Every structure is written in structure tokens, then in C-alpha cells.
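Student: First to last, the protein sequences are chains P and A.
Taking the working numbering, I'd label the letters of the first sequence as residues 1 to 182.
Taking the working numbering, I'd label the letters of the second sequence as residues 183 to 675.
Take a look at the following structure, please.
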Amino acid sequence: MCAASTADPAALATSVEARPGRTIVVGLGNPILGDDAAGWLVADAVEAGLAARPARGGDARPPVVVERLAVGGLTLMEHLVGYSRAVLVDALVTGADPPGTVRRRRLDSLPGREAGHVDSAHDATLVTALEAGRLLGADVPDDVGLVTVEAVRVLELTVTLTPEVAAAIPVAAAVVLELLDA
Amino acid sequence: MTRITIDPITRLEGHGKIEIFLDDAGEVSSTAFQVPELRGFERFCVGRPVEEMPVLVNRICGVCPEAHHMAAAKAADAVYGVVPPRTALLLRELLYSAFFVADHTTHFYALSGPDFIVGPDAPVAERNLLGVLQRVGSDAGGRVIEARRRCHRVVEIIGGRAVHPCTSIPGGMTKGITAEERDEIRDTADRMVDFAAFSLELFDTLILGNPGYVEMLTGDTYRHETYSMGLVDGAGRLVLYDGRVRVVAPDGELHGEYDPADYADWIAEHVEPWTYLKFPYLRKVGWRGFVDGKASGVYSATPLARLNVSDGIATPRAQEARDRFFATLAPPTGGVRPQVHGRLAMHWARLVELLYAAERMAELVADPEITSDHVRTRVDGIVGEGVGTVEAPRGTLTHHYRTDAQGVITWVNLIVGTTNNYAPITMSVDRAARALIHGGAVEQGLLNRIEMAFRAYDPCFGCATHSLPGEMPLEVTIRGADGAVIDVRRQHC
């Protein structure tokens, strides 16, 4: 087996400086697939909510980073490197809840694995990807929360949300902001 | 046996669905493989300016947006009848080669690896990337992550964003690269050539050194003799970004070679009542059903097909790897182009392509014109119709657009990589089912062996649907001769 060169020690470093308390909120989804845009729209609302808050004197915590992504599995894990905490937001179709239901979930508890974008059919579930990252020495968050919105229509190309999902966007954003304050 | 009609209106819950029908003796008589289809993309695009397409199509698929971006860029060039300057073409192909390295790396270690490095009979909990990393070691695992990170960085440098590039426009690119960026990419390219060679050696040691795996690569369970399709350059060598489409018969004879714009003269679509997706086939051969052979118009467009159609590879180490591939797996054919038909050999073919893509990165970044700032040809006039074709990791990808005189889309047709392979995937699943189900009894490991049959193709139904989660969620229903359900197996759903 060839051992002429080995991995670059900086392989898992990112441009993000790892500091205690650094948090990322990631809206997951596809903005042109109807209700699948929910994650991105919640991220927009969270970002607006954070910007509207008055600065708290003496608060040494680094600012929360908000991103919108359409990736899962390994690629999503790689985006989380350097953060101590992550909150992921995604649309979900389970049929078990009325459309627009907002839930907080554990990453490894997604019902029936028919959910959203956290996993990838082409490489790994996010849980596996995070474990792989830890195995390789990556600084990935131990605290990964998931906020989901029960969706209706995710297989149709449209920029319009169903009414119940649209109404759930501010609700989900409030749940995320509450999580960030916890 | 009782004929079962599957209602095509039935909504699939976002996972793959296989129906296996048994005859009176409990042997498999037929198989149907359904996936949910995302429809309406063509309608969605009508009314949009064609120059928006390279960015819009990033959203079709979260796995290979770079492939759609490039096919769209080439189609948009053709709509305006414009040829980008040489530097722009170098940059596009450099980005594309980096994407291929990242994508093939991920597939081999995360999808092939669980089957071959961990083993098909290992517990489910171990048959994933983590199981692979635990077996190959943290150093190898670190190189996998490094390859992905570095190649995503190349895409970001040239394409403006990691994963979802946005710099290709009609006539070229919105920006070039600096000398510093070129140096960074050159370092990455050298490391990727090294890494690709390492991966091939790993395959050699862990897989070719295991008689059980060699049997899987060469045996009948995963073998189909179909036509092969792929892009080639003027010398008949494998290419990924641009070329002519070549189709080769199962015996290696040339079926035809054509300009990608003429695809409609060569490809037709067959419809079945039990699935939304259509089955492309070779028009000049005809549809004979889901059968192998030269008289059947079924074709494959995969890494294996690309090796089968080509006469060689233009980069030296990949050429050596190709020679070894055929010397090992293909019987001598007395001068006719050698063919490999064991579908699991796709995993090896992917690594040969990985090495080619890495060597091609090194060639392109060393070109003196790579840092030129002449990256766009001015658009002057419009043709109003264009076809853009690239080799996506999963097969030949074609975007075909028509526009009005202002460049606004009036019509779109896409043939995505995996669509080419829908018939062979269906056949491979059927073959695996027939090998595993006898006398009505279903063997242990059925689902995984069936999943291996189509996972070799790395099917991306994310192009046809919303990205599927996790390991392929799959429901397998086995019905008796009277149509009654005998057994239902579920995996990840």
C-alpha cells in the first residue's frame, strides 16, 4: 500500500476559528421545491430576529452564524466544523402531524428516515458523518439540534409554500431563537 | 401467474419501491423498480432568461450541481452561438475535474467501501462510511476528507461558491484566477494524483486480493451485456467535459458516434405503465424489453460504460490503470474493443476515472493561459436553440434549450445521468432478485444484495426527485403467483 504521502494535517481545519460557544444555525432545503424552502425561510427569519435584538453589554459570546445550505451528510458535517453548537432547520414530510407543525427533534430520531436534508443518499447520514469527523479529529459540535416543519409539497417545482407551512415560518424561527437563548 | 397492475398515480413516500412477482414454483417471474419522480422542471424554466440556467439548475440536484451547471453553460453558449475563449474552457474543465475527484472519492469510500471494504454480510450498523474508516485507518480517512475539502475549494475558487458554482455565463466565465490561486490548485492537483493512486492500491489489496470479491466482480449475479455510452475526444479517448457521444455494442463493435446536439436521432424513450420515469433506449436498435444483448436497445452510461466505449485515456497513469483493468476483467476479443460487463466493476472503473480527473487537473492548471484574464467572448446575436452535454459522474448528461429572440426559455429537455441507466438498473435489480429468491424462500441479506445491484450505478434520483435521505430507503414487496403479498422487507424506512 502506498504510503508516500499522508494527509495534510490541516485537512479538517476551516476558516472558522474554533472558539467555545460558537453557534451556527443552518437552514436546509431547496428554495425551488415548494415547502422544501422552509428551512431557508426560517433561517432568514432567525437572522432578522438576531439583528433586531439590542446588543447585550458584557456578552462575550461570538455572534451566531446563520447559513442556508442544500447539502447533507458529509458536506453538511464539513460545514459544521469549528462550531460547538449547531441548530438545523428543515422541512419534513411524515404524515404524522398536521401540516405546519413545528417540532424540536433529536438528530437520530428522525421518523422513518424519510426526512429532509440532513442525510445524503450518496455518502452518509449526518449522524455517521459527525462520528466520522470525530474519528478523524475534526472539531464538530456535540450539541446538534433539529427544528422541523411538517411539510406537504416537496416534489413540485414552485417558489410558493402551502399556507400552513408559510404560517409556520415565524413559529419555527421563534423556536430556534428560544433554543439559542437556552 | 396473476398480473398485477401498479397504479402509477400512487404517491410514493420518497423512497425506492421494488415489487417482485413470483411464479407458481416460487421463482421470480418479474420485477418492477419505482422511484418518485420530480416533474415540472421544464415548465418551471419556461419564461426564464437562458443565462439564469447555469445557476438555476444547481438546484435540481444537491449531489452533482457542478454537472448541471456545466451542461447548462454549454447549452447557453450554443443558444447564443458563442465559443468561449480558451482560458474559460480551461477553467471550466479544471473546475469540473476537481468536482469529479471529490465526487468519485466520496462514492468509493462511502458507497463502494461498505460493500467491499466492510463486506456485504457485515452488520448493517457497520456498513457505512464509519465502518470503512475504521477498517482503512484514520490516516486514509483523513485523506478522504482532505480530498473533498481541497476539491471543493477548487470549485469555490473558479466557480465562485463551493458545490454550487455561479461563474459560468454564455460566452465564458465572469472571472479568472490569480497566480496565487493557480498555485493553490496546482498543489491540490498533485496531492489528488497521489491520493487517486493510493485509492487504486487500496482496491488492489482489499478487493482484488479477495477471491469472494473477485467472484462478485466477474460472476453472473451482477452481469449484464448491454450497449455502452460515453463521451470521447477526437482520438477516441475518454473525456468528461466535452466530446462526441460514442455508443458501443456489447461485443465491442462501434454502434455509432455523434455530435451531442443530434441525440434525438439516436435516443428514444419507452414508457411502462407502472412508473413515471421513461426508459431511454437506442432508436436504431429498438426496444425489445428489459433484456441483454446486441438486439436490445438498452444501453448504460456509467464509469464502466465510459471505459468500454473509449480506446484509451489521454493521461499516462490513468492509461496504465485502464490497461490493468481490462487485462484483469475482460476476455481477449481478438482486436475488437474489450468490454467488461460485470456491473460491480463500476467501482473499479470509478477509481480509474478518479486518477484521470486528478491528472487532468494537473495538466490544466499547468497551462500558461490558465491565469489569463481573457475569459469571456462577447455575445453578439442569437441562435435560439442549444444542447450542452457533459459526462456526469453517473452518466451522460444532456441539457437542451430553446429560446425566443431575446434568449428567454420556451422549451427545455433534460436527460440526466441516471435516467440513461433506468432500464439497466431495473435489470440488475431483477437479476439479483432471481439469484436470491428460490422456492418462495427469501435468503438472508436480500435487501443488501439487491441494493448493491443498483448502488453500483450510484443512482441519483435526486435529479428526478427531492434528495433522498440516508442510505437508500427501500421497500421490497414480494408477491406470490396469486398476487397476494408474501413478504415485505424495509430498509431505512
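Idealized CB from N, CA, C, for every residue including glycine.
None of these values were measured; they are calculated from a predicted model.
Could you check the C-alpha separation between residue 488 (chain A) and residue 211 (chain A) for me, to the nearest Å?
Tutor: The alpha-carbon atoms of residue 488 (chain A) and residue 211 (chain A) are separated by roughly 32 Å.
Student: Could you have a look at residue 212 (chain A) and say whether DSSP puts it in helix, strand or coil?
Tutor: Strand, per DSSP.
Student: Quick one: any contact between the region 530 to 544 of chain A and the region 495 to 515 of chain A, if contact means 3 or more CB pairs under 8 Å?
Tutor: Judged by Cβ distances under 8 Å, the region 530 to 544 of chain A makes contact with the region 495 to 515 of chain A, as three or more pairs qualify.
Student: Quick one: using the 10 Å Cβ neighbour count with 16 as the cut-off for buried, is residue 181 (chain P) buried or exposed?
Tutor: Burial call: exposed.
Student: I'd like the span of the alpha helix (DSSP H) that includes residue 433 (chain A), first residue to last.
Tutor: Per DSSP, residue 433 (chain A) belongs to no alpha helix (DSSP H) and is neither H nor E.
Student: Tell me the residue span of the beta strand (DSSP E) that contains residue 28 (chain P).
Tutor: Looking at the DSSP string, the run of the beta strand (DSSP E) that includes residue 28 (chain P) is 23 to 28.
Student: CB-CB under 6 Å to residue 292 (chain A), same chain, minus the five flanking residues each way: which ones, in chain order?
Tutor: So the qualifying residues of the chain are 311.
Student: Taking all protein chains shown into account, do 16 or more other C-beta atoms lie within 10 angstroms of the C-beta of residue 225 (chain A), making it buried, or fewer, making it exposed?
Tutor: Exposed: under 16 other Cβ atoms inside 10 Å.
Student: Which residues in chain A have a C-beta closer than 8 Å to the C-beta of residue 128 (chain P)? List them in chain order.
Tutor: Result: 310, 311, 312.
Student: Spatial neighbours of residue 434 (chain A) within its chain, please: CB distance less than 6 Å, with the 5 preceding and 5 following residues excluded, ordered by chain position.
Tutor: The answer, listed in chain order, is 515, 518, 519, 521.
Student: How close, in whole Å, do the beta carbons of residue 481 (chain A) and residue 459 (chain A) come, if the pair is a contact with beta carbons under 8 Å?
Tutor: Going by Cβ atoms, the distance from residue 481 (chain A) to residue 459 (chain A) rounds to 16 Å, so no, they are not a contact pair.
Student: Does residue 315 (chain A) have its Cβ less than 8 Å from a Cβ in chain P?
Tutor: Yes, its Cβ sits closer than 8 Å to a Cβ of chain P.
Student: Pick out whichever of A:270, A:630, A:671 has its Cα sitting closest to the Cα of residue 165 (chain A).
Tutor: Because chain A here runs from 183 to 675, residue 165 (chain A) falls outside it and cannot be looked at.
Student: Opposite residue 278 (chain A) in the DSSP bridges: which residues?
Tutor: DSSP lists no partner for residue 278 (chain A).
Student: Between the Cα of residue 373 (chain A) and those of A:556, A:541, A:637, A:598, spot the shortest distance and give me the residue it belongs to.
Tutor: It is A:541 whose Cα lies nearest to the Cα of residue 373 (chain A).
Student: 8 Å is my cut-off, CB to CB: does residue 645 (chain A) come that close to chain P?
Tutor: Confidence at residue 645 (chain A) is low in this model, with a pLDDT of 48, below 50, so the placement of that residue should be treated as unreliable; the coordinate-derived value is given next. It does not; no Cβ of chain P falls within 8 Å.
Student: Determine the chain A residues that contact residue 32 (chain P) at a beta-carbon separation under 8 Å, and present them in chain order.
Tutor: Correct list: 226, 238, 241.
Student: Mapping DSSP to helix, strand and coil, what is residue 653 (chain A)?
Tutor: Note that residue 653 (chain A) scores a pLDDT of 38, beneath 50, so its modelled location is shaky; the value from the coordinates is reported in the next line. It is coil, neither helix nor strand.
Student: Determine the burial state of residue 350 (chain A): buried for a count of at least 16 other Cβ atoms within 10 Å of its Cβ, exposed for fewer.
Tutor: Counting Cβ neighbours within 10 Å, residue 350 (chain A) comes out buried, since at least 16 surround it.
Student: For residue 107 (chain P) and chain A, any beta-carbon pair shorter than 8 Å?
Tutor: Output row for residue 107 (chain P): interface = no.
Student: Run the CB neighbour count on residue 362 (chain A), radius 10 Å, all protein chains shown included, and call it buried at 16 or more, exposed below.
Tutor: By the 10 Å Cβ count, residue 362 (chain A) comes out exposed.
Student: For the candidate residues P:142, P:92, P:175, whose alpha-carbon lies nearest to that of residue 30 (chain P)?
Tutor: The shortest Cα separation from residue 30 (chain P) among P:142, P:92, P:175 belongs to P:92.
Student: With 16 as the cutoff for other CB atoms within 10 Å, does residue 348 (chain A) come out buried or exposed?
Tutor: Residue 348 (chain A) is exposed by the Cβ-count criterion.
Student: Would you please state the rounded distance, in angstroms, between the beta carbons of residue 570 (chain A) and residue 253 (chain A)? I believe it to be under 8 Å.
Tutor: Indeed, because the Cβ distance is near 4 Å, the residues count as touching under 8 Å.
Student: Does the distance from the CB of residue 603 (chain A) to the CB of residue 484 (chain A) come in under 8 Å?
Tutor: Cβ atoms of residue 603 (chain A) and residue 484 (chain A): closer than 8 Å.
Student: Tell me which same chain residues have a C-beta within less than 6 Å of the C-beta of residue 183 (chain A), skipping the five on either side of it?
Tutor: Because the pLDDT of residue 183 (chain A) is 45, which lies under 50, any placement of that residue in the model is unreliable, and the number read from its coordinates should be weighed accordingly. Answer for residue 183 (chain A): 205, 211, 663, listed in chain order.
Student: For residue 453 (chain A), I'd like the list of residues in its chain whose CB is within less than 6 Å of its CB, leaving aside the five on either flank, ordered along the chain.
Tutor: Excluding sequence neighbours, residue 453 (chain A) sits near 460.
Student: Sorted by chain position, which residues of the same chain lie with C-beta nearer than 6 Å to residue 262 (chain A)'s C-beta, five sequence neighbours on each side aside?
Tutor: Closer than 6 Å at the Cβ level, and outside the excluded window around residue 262 (chain A), lie 352, 561, 564.
Student: Taking the Cβ atom as the reference point for each residue, do residue 426 (chain A) and residue 441 (chain A) lie within a distance shorter than 8 Å?
Tutor: Yes, Cβ-Cβ distance for residue 426 (chain A) and residue 441 (chain A) is below 8 Å.
Student: For residue 129 (chain P), which residues from the same chain have a beta carbon less than 6 Å from its beta carbon, with the 5 sequence-adjacent residues on both sides left out?
Tutor: Closer than 6 Å at Cβ, skipping near neighbours: 73, 74, 77.
Student: Based on DSSP bridge pairs, tell me the residues matched to residue 482 (chain A).
Tutor: Beta-bridge pairing links residue 482 (chain A) to A:410.
Student: Quick check on DSSP: helix, strand or coil for residue 623 (chain A)?
Tutor: DSSP places residue 623 (chain A) in strand when its eight states are reduced to three.
Student: Expressed to the nearest angstrom, what Euclidean distance is found between the alpha-carbon atoms of residue 158 (chain P) and residue 208 (chain A)?
Tutor: If I take the Cα positions, the gap works out to 46 Å.
Student: Are the CB atoms of residue 318 (chain A) and residue 308 (chain A) nearer to each other than 8 Å?
Tutor: It is not a contact, given that the beta carbons lie outside the stated cut-off.
Student: Specify the secondary structure class of residue 392 (chain A) as computed by DSSP and reduced to three states.
Tutor: It is coil, neither helix nor strand.
Student: Select from A:271, A:332, A:387 the residue whose C-alpha is nearest the C-alpha of residue 355 (chain A).
Tutor: Closest option to residue 355 (chain A), Cα to Cα, is A:271.
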